[in-house]
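One structure below.
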Amino acid sequence: MREDGFHVKAVILAGGEGQRLRPISAGLPKPMVPLLDRPVLEHVISLLKRHGFTDLALTLQAMPQTVESWFGDGAELGVKLTYFVEREPLGTAGSVKQCMSWLGEEDFLVVSGDIVTDIDLSAAEGFHRASRADATLVLCRHSSPLEYGQVLTGDDGKVRGFVEKPAWSQVLTDTVNTGIYFLTSKAMEMVPSGKAYDFSRDLFPALLERGFPLYGHVAPGYWRDIGDCGAYLDCAAEVLSGRTGLEMGLPLRAPGIWAAEALPTDVTLVPPCWIGPGVTLGPGSLVGPHALLGRGSAVGRRSLVQRSVLMENARVGDRCTLYGAVLCRGASARRGAVLNEGAVLGEESTAGENSILMERVKVWPGLTVRDEARLTASLVSA
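Be aware that the sequence shown starts at 0, since it is given in numbering that gives the first Met the number 0, and climbs by one per residue.
In structure tokens, the structure reads:
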């Protein structure tokens with residue numbers, strides 16, 4: 000029971016494969032993609048716990064053992080986790096339907112496990128209870144409404160209609176669906192068991208048509224779906240800029256510089272930067288702004304790393320240039336390599352000496368770009 004007297008369970012949708020996020024998500028469920036050396040899903044769980052939601056269900060489909068082995072029963076994070084695994088994809092509402100025996104008759108929260116947000120869930124819950132809605136959709140204002148489903152509401156917050164990923168001529172509002180919902184068990188009675196069924200495409204339009212009380216709560220704060228590699232990189236930069244409210248998890252060693260260890264004196268660090276444990280930085284290198292260096296990663300001598308993410312044990316050789324690049328776990332850019340905006344090296348892949356990866360070129364896990372090569376298209380097979 001929470002301090003406010005309510006005991007609200009939450010369901011985290013954590014079954015996504017993240018196909019558009021490859022190769023960052025190759026070999027991982029999308030919610031397990033790391034950010035600040037922790038899975039995105041862990042940041043979601045931390046947000047729930049801060050707002051008093053500690054009895055959580057995770058719905059899994061892609062590589063469920065990866066999630067279960069990382070989080071276990073949730074005790075280390077101060078929550079209690081229950082897992083529901085789908086044999087076949089059931090859609091967002093269908094996956095929650097299989098949790099109903101666990102959820103019982105009380106209202107509950109649904110949240111996507113692959114978003115980065117600091118939305119005030121307590122305020123959203125308060126709105127839901129006050130409105131006596133069967134479904135409350137948490138909305139946010141977004142500068143790119145074309146990418147998301149729009150929810151049209153009246154001045155009282157009551158939902159009037161939906162527009163799924165509209166063209167500019169159809170844009171009637173800048174409020175978009177965040178994938179965060181408060182629901183009653185009554186609303187879930189319309190969801191068929193064992194069949195693919197979606198909240199935004201199927202359930203909410205059906206509830207609206209049948210006159211169920213359906214409300215939208217426009218929440219201030221940060222929200223981003225890390226849908227593709229560009230969105231992931233943008234999110235990392237926004238985290239470092241302090242826009243997201245995420246817990247940085249490291250000491251602040253200097254203004255805008257979080258680091259596990261004392262800062263080196265022979266390296267130029269331009270804030271904001273995040274430097275994990277066991278990171279080595281070569282003399283004469285310039286790191287930042289917006290550089291996120293994960294546990295055990297390394298930057299060689301006289302290299303430039305700006306607006307880039309190095310995941311665990313990634314390696315950047317001497318005299319390399321990275322701007323807007325992502326190196327996944329164990330990836331390596333060898334001496335003199337140049338990685339341009341949007342370039343991604345998948346897990347354990349290699350950019351050879353003096354190679355150049357042009358904008359948005361991606362290298363799939365375990366593959367090697369030969370020395371001196373100029374890569375203009377993604378490398379997906381040997």
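Where a beta carbon is used, it is the ideal one built from N, C-alpha and C, also for glycine. Remember, predicted model here, so these are calculated numbers, not experimental data.
Can you tell me where the alpha helix (DSSP H) with V238 in it begins and where it stops?
Taking the first residue of the sequence shown as position 1, residue 238 is located at position 239. Bounds of the alpha helix (DSSP H) holding V238 are C228 to L239.
How big is the Cα-Cα spacing for L20 and L40?
On the sequence shown, position 21 is the one that residue 20 refers to. On the sequence shown, position 41 is the one that residue 40 refers to. In a straight line, the C-alpha of L20 is about 15 Å away from that of L40.
Quick one: is E352 buried, meaning 16 or more other Cβ sit within 10 Å of its Cβ, or exposed?
Walking along the sequence shown from the start, residue 352 turns up at place 353. Here E352 is buried: its Cβ has 16 or more other Cβ atoms, across all protein chains shown, within 10 Å.
Give a yes or no on contact between the segment 249-260 and the segment 148-163, applying the rule of three or more CB pairs nearer than 8 Å.
By the Cβ criterion, the segment 249-260 is not in contact with the segment 148-163, since fewer than three pairs of Cβ atoms, one from each stretch, lie closer than 8 Å.
Taking the alpha-carbon of L47 as reference, which of S111, H289 and E237 has the nearest alpha-carbon?
Numbered from its first residue, the sequence shown carries residue 47 at position 48. With distances taken between Cα atoms, L47 lies closest to S111.
How big is the Cα-Cα spacing for S382 and F203?
The requested residue 382 does not occur in the structure, where the chain is confined to residues 0 to 381.
Taking buried to mean at least 16 other C-beta atoms within 10 Å of its own C-beta, is W222 buried or exposed?
Working through the sequence shown from its first residue, we reach residue 222 at position 223. With 16 or more other Cβ atoms within 10 Å, it is buried.
Distance check for T91 and S130, CA to CA, integer angstroms please.
Stepping through the sequence shown from its first residue, residue 130 is reached at position 131. Stepping through the sequence shown from its first residue, residue 91 is reached at position 92. S130 and T91: Cα-Cα distance of roughly 24 Å.
Neighbourhood of L102 by C-beta distance below 6 Å, restricted to the same chain and skipping five residues each side:
If you number the sequence shown from 1, residue 102 lands on position 103. For L102, where only same-chain residues beyond five positions count, the Cβ hits under 6 Å are K8.
Return the CA-CA distance between I225 and L12, expressed in angstroms with no decimal places.
Translated into the one-based positions of the sequence shown, residue 225 becomes position 226. Translated into the one-based positions of the sequence shown, residue 12 becomes position 13. Distance between the alpha carbons of I225 and L12: 14 Å.
Contiguous beta strand (DSSP E) assignments of at least 3 residues, all confined to the segment 56-132:
If only uninterrupted beta strand (DSSP E) runs of at least 3 residues are considered, those enclosed by the segment 56-132 are 79-84, 107-111 and 114-116.
Look at the alpha carbon of G73 and the alpha carbon of K79, and state the distance between them as a whole number of angstroms.
Translated into positions along the sequence shown, residue 73 becomes position 74. Translated into positions along the sequence shown, residue 79 becomes position 80. Note on geometry: alpha-carbon atoms of G73 and K79 lie some 5 Å from one another.
On the CB-based measure, 16 or more other CB atoms within 10 Å of its CB, does K361 come out buried or exposed?
Along the sequence shown, one-based indexing puts residue 361 at 362. Answer is buried; the Cβ neighbour count reaches 16.
Alpha helix (DSSP H) segment containing V43, residue limits:
On the sequence shown, residue 43 is found 44 positions in, with the first residue counted as 1. Its alpha helix (DSSP H) spans residues V39 to R49.
What number of angstroms, rounded off, separates the C-alpha of H42 from the C-alpha of D36?
Walking along the sequence shown from the start, residue 42 turns up at place 43. Walking along the sequence shown from the start, residue 36 turns up at place 37. H42 and D36: Cα-Cα distance of roughly 11 Å.
Tell me whether T243 is buried or exposed, calling it buried when 16 or more other Cβ atoms sit within 10 Å of its Cβ.
Your numbering for residue 243 matches position 244 in the sequence shown. That one is buried.
Taking the C-alpha atoms as reference points, what is the distance between A342 and R128?
As a position in the sequence shown, residue 342 is number 343, starting the count at 1. As a position in the sequence shown, residue 128 is number 129, starting the count at 1. Cα to Cα, the separation comes out at about 46 Å.
Can you name the start and end residues of the alpha helix (DSSP H) that L206 belongs to?
Reading the sequence shown from its first residue, position 207 is the one you call residue 206. For L206, the uninterrupted alpha helix (DSSP H) segment begins and ends at F203 to E208.
For A186, which three-state DSSP category applies?
One-based indexing of the sequence shown puts residue 186 at position 187. Note: A186 maps to helix in three-state DSSP.
Around the Cβ of L291, are there at least 16 other Cβ atoms within 10 angstroms (buried) or fewer (exposed)?
As a first step, residue 291 is located in the sequence shown; it is residue number 292 there, counting from the start. Buried.
7 Å is my cut-off, CB to CB: does F107 come that close to chain D?
Among the protein chains of the structure shown there is no chain D, as only one such chain exists.
In angstroms, rounded to a whole number, what distance separates the CA positions of H216 and G156?
For the purposes of this step, residue 216 is taken as residue 217 along the sequence shown, with counting starting at 1. For the purposes of this step, residue 156 is taken as residue 157 along the sequence shown, with counting starting at 1. Straight-line Cα distance between these residues: approximately 6 Å.
Residues bridged to A134 (per DSSP):
Mapped onto the sequence shown, residue 134 falls at position 135. A134 pairs with L182 and L213.
Within a Cβ cutoff of 6 Å, which residues of the same chain sit near W167, ignoring the five residues on either side of it in sequence?
As a working note, residue 167 is residue 168 in the sequence shown. Reliability of the predicted coordinates at W167 is poor, the pLDDT of 47 falling under 50, and the value obtained from them is presented with this limitation in mind. Excluding residues within five positions, none has a Cβ falling inside 6 Å.
Apply the 10 Å Cβ neighbour rule to L251 and answer buried if 16 or more other Cβ atoms are within range, or exposed otherwise.
On the sequence shown, position 252 is the one that residue 251 refers to. By the 10 Å Cβ count, L251 comes out exposed.
Just the Cα atoms here: how many angstroms apart are F198 and F70?
The count along the sequence shown starts at 1 and reaches residue 198 at position 199. The count along the sequence shown starts at 1 and reaches residue 70 at position 71. About 26 Å.
For D197, which beta-bridge partners are listed by DSSP?
As a first step, residue 197 is located in the sequence shown; it is residue number 198 there, counting from the start. Note: D197 sits in no beta bridge, so no partner.
Tell me whether K194 is buried or exposed, calling it buried when 16 or more other Cβ atoms sit within 10 Å of its Cβ.
The residue given as residue 194 occupies position 195 in the sequence shown. So K194 counts as exposed.
Neighbourhood of G178 by C-beta, 6 Å cutoff - its chain only, sequence neighbours within 5 removed:
Sequence index remark: in the sequence shown, residue 178 carries index 179 (1-based). Shown here for G178: same chain residues with a beta carbon closer than 6 Å to its own, the five before and five after excluded, namely S111 in chain order.
Just to confirm my understanding: we take S121, look at its own chain, exclude 5 residues before and 5 after, and list those with CB closer than 6 Å. What are they?
Here the question's residue 121 lines up with position 122 in the sequence shown. Cβ neighbours of S121 beyond the five flanking positions: H50.
Have a look at P364 and R294 and give me their C-alpha separation to the nearest angstrom.
As a first step, residue 364 is located in the sequence shown; it is residue number 365 there, counting from the start. As a first step, residue 294 is located in the sequence shown; it is residue number 295 there, counting from the start. Cα to Cα, P364 sits roughly 19 Å from R294.
Take A186 and list the residues in its own chain whose beta-carbon comes closer than 8 Å to its own, dropping the five residues that flank it on each side.
Counting from one through the sequence shown, the residue named residue 186 turns up at place 187. Once the five neighbours on either side are set aside, the close Cβ partners of A186 are D133, A134, L202, L206 and F211.
For a quick check, are the C-beta atoms of V10 and C98 less than 7 Å apart?
Here the question's residue 10 lines up with position 11 in the sequence shown. Here the question's residue 98 lines up with position 99 in the sequence shown. Yes, these two residues count as a Cβ contact at 7 Å.
For Y196, does the count of other Cβ atoms within 10 angstroms reach 16, so buried, or fall short, so exposed?
Translated into the one-based positions of the sequence shown, residue 196 becomes position 197. The residue in question, Y196, is buried, as its Cβ has 16 or more Cβ neighbours within 10 Å.
Are the CB atoms of R306 and G283 nearer to each other than 7 Å?
In the sequence shown, residue 306 corresponds to position 307, counting from 1. In the sequence shown, residue 283 corresponds to position 284, counting from 1. No, the pair does not count as a contact, with Cβ atoms beyond the cut-off.
Once the 5 residues before and after T320 are set aside, which same chain residues still bring their CB inside 6 Å of it?
For the purposes of this step, residue 320 is taken as the residue at position 321 of the sequence shown. Excluding positions up to five away in sequence, the list reads L303 and V337.
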